[in-house]
Amino acid sequence: KNEVEQSPQNLTAQEGEFITINCSYSVGISALHWLQQHPGGGIVSLFMLSSGKKKHGRLIATINIQEKHSSLHITASHPRDSAVYICAVRSETSGSRLTFGEGTQLTVNP
Amino acid sequence: EAGVAQSPRYKIIEKRQSVAFWCNPISGHATLYWYQQILGQGPKLLIQFQNNGVVDDSQLPKDRFSAERLKGVDSTLKIQPAKLEDSAVYLCASSSLVGDSYEQYFGPGTRLTVT
Chain A
292 KNEVEQSPQN LTAQEGEFIT INCSYSVGIS ALHWLQQHPG GGIVSLFMLS SGKKKHGRLI
352 ATINIQEKHS SLHITASHPR DSAVYICAVR SETSGSRLTF GEGTQLTVNP
Chain B
7 EAGVAQSPRY KIIEKRQSVA FWCNPISGHA TLYWYQQILG QGPKLLIQFQ NNGVVDDSQL
67 PKDRFSAERL KGVDSTLKIQ PAKLEDSAVY LCASSSLVGD SYEQYFGPGT RLTVT
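Chains A and B, in that order, give the protein sequences.
Take the position in the first sequence, starting the count at 1, then add 291; the result is the number in the working numbering.
Take the position in the second sequence, starting the count at 1, then add 6; the result is the number in the working numbering.
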């Protein structure tokens, strides 16, 4: 079992839909990251969380430390949101090292 | 602020050949990471440098992979000889400590195809 599990693996939505991607982890963490990867490989950091909730534009990330679970929400989705979304955790004992989930491929159709 | 630079962006080689990738991190970032990302999977850490010292290379296949970070700035990752299963995107990232948190910044990656 991977330390970081994401669901779903693939998600197809219509433009305007509300989207949720989930991440569960099995270790104690000091931080959780949500990352976006577009075709071509470049990765961009969206959020870094250690508790509660963060919002940036149409993106919202939440984390429940007790349940070892985080969600990434996209409101009013748009085709340009199509990308792979990756959850990564920094464990309490790993310093700056990240452990990554396998990613969720999101496709938003017009 | 300039981002993490990597070159080349794409490389195609035959198995048993050698290849090298280069990374220039964000200025002032002490920590540099090399990741391997196989298609459909999340990145896997190959090696982590703090300045010019190795912090973690536990997942680096040392029989064929090597990396160095001379002078604590640029880094090179080499594969010699390459195998078909080395086909992947190789990502470089750098980070600095901000408060008590690390934010990693990723380069565009090098897509390696081994035929």
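We put the CB at the ideal spot given by N, CA and C, even for glycine.
Note that this is a predicted model, so its numbers are computed, not measured.
Between residue i and chain A, is the shortest Cβ-Cβ distance under 9 Å, so that the two count as touching?
{"i": "residue 112(B)", "result": "yes"}
{"i": "residue 73(B)", "result": "no"}
{"i": "residue 61(B)", "result": "yes"}
{"i": "residue 37(B)", "result": "yes"}
{"i": "residue 52(B)", "result": "no"}
{"i": "residue 66(B)", "result": "no"}
{"i": "residue 97(B)", "result": "yes"}
In terms of alpha-carbon separation, which member of the options lies closest to residue i?
{"i": "residue 361(A)", "options": "369(A), 370(A), 374(A) and 342(A)", "result": "342(A)"}
{"i": "residue 344(A)", "options": "393(A), 352(A) and 333(A)", "result": "352(A)"}
{"i": "residue 51(B)", "options": "80(B), 98(B) and 13(B)", "result": "98(B)"}
{"i": "residue 96(B)", "options": "42(B), 66(B), 10(B) and 25(B)", "result": "42(B)"}
{"i": "residue 316(A)", "options": "385(A), 388(A), 396(A) and 378(A)", "result": "378(A)"}
{"i": "residue 76(B)", "options": "56(B), 113(B) and 69(B)", "result": "56(B)"}
{"i": "residue 314(A)", "options": "306(A), 331(A), 299(A) and 382(A)", "result": "299(A)"}
{"i": "residue 70(B)", "options": "60(B), 87(B) and 83(B)", "result": "87(B)"}
{"i": "residue 294(A)", "options": "396(A), 394(A), 384(A) and 380(A)", "result": "380(A)"}
{"i": "residue 65(B)", "options": "394(A), 390(A) and 296(A)", "result": "390(A)"}
Roughly how many angstroms lie between the CA atoms of residue i and residue j, to the nearest whole one?
{"i": "residue 371(A)", "j": "residue 399(A)", "result": "8 Å"}
{"i": "residue 21(B)", "j": "residue 359(A)", "result": "42 Å"}
{"i": "residue 301(A)", "j": "residue 120(B)", "result": "27 Å"}
{"i": "residue 401(A)", "j": "residue 15(B)", "result": "30 Å"}
{"i": "residue 91(B)", "j": "residue 67(B)", "result": "12 Å"}
With a threshold of 9 Å between beta-carbons, can residue i be considered close to chain B, or not?
{"i": "residue 295(A)", "result": "yes"}
{"i": "residue 394(A)", "result": "yes"}
{"i": "residue 334(A)", "result": "yes"}
{"i": "residue 322(A)", "result": "yes"}
{"i": "residue 319(A)", "result": "no"}
{"i": "residue 326(A)", "result": "yes"}
{"i": "residue 331(A)", "result": "yes"}
{"i": "residue 391(A)", "result": "yes"}
In or out: residue i buried (at least 16 other Cβ within 10 Å) or exposed?
{"i": "residue 324(A)", "result": "buried"}
{"i": "residue 33(B)", "result": "exposed"}
{"i": "residue 113(B)", "result": "buried"}
{"i": "residue 326(A)", "result": "buried"}
{"i": "residue 44(B)", "result": "exposed"}
{"i": "residue 297(A)", "result": "buried"}
Can you list, in chain order, the residues of the stretch 370-388 of chain A whose Cβ is nearer than 8 Å to any Cβ on chain B? Residues are counted here when their Cβ sits less than 8 Å from a Cβ of chain B; for the stretch 370-388 of chain A these are 377, 379, 381, 386, 387 and 388, given in chain order.
Output, in sequence order along the chain, the residues in the stretch 336-354 of chain A whose CB is closer than 8 Å to any CB in chain B. Contact residues of the stretch 336-354 of chain A toward chain B are 336, 339 and 341 (C-beta to C-beta distance below 8 Å).
In chain order, what residues of the stretch 80-91 of chain B put their CB closer than 8 Å to some CB of chain A? Listed in chain order, the positions of the stretch 80-91 of chain B with a beta carbon within less than 8 Å of a beta carbon of chain A would be empty, since no residue qualifies.
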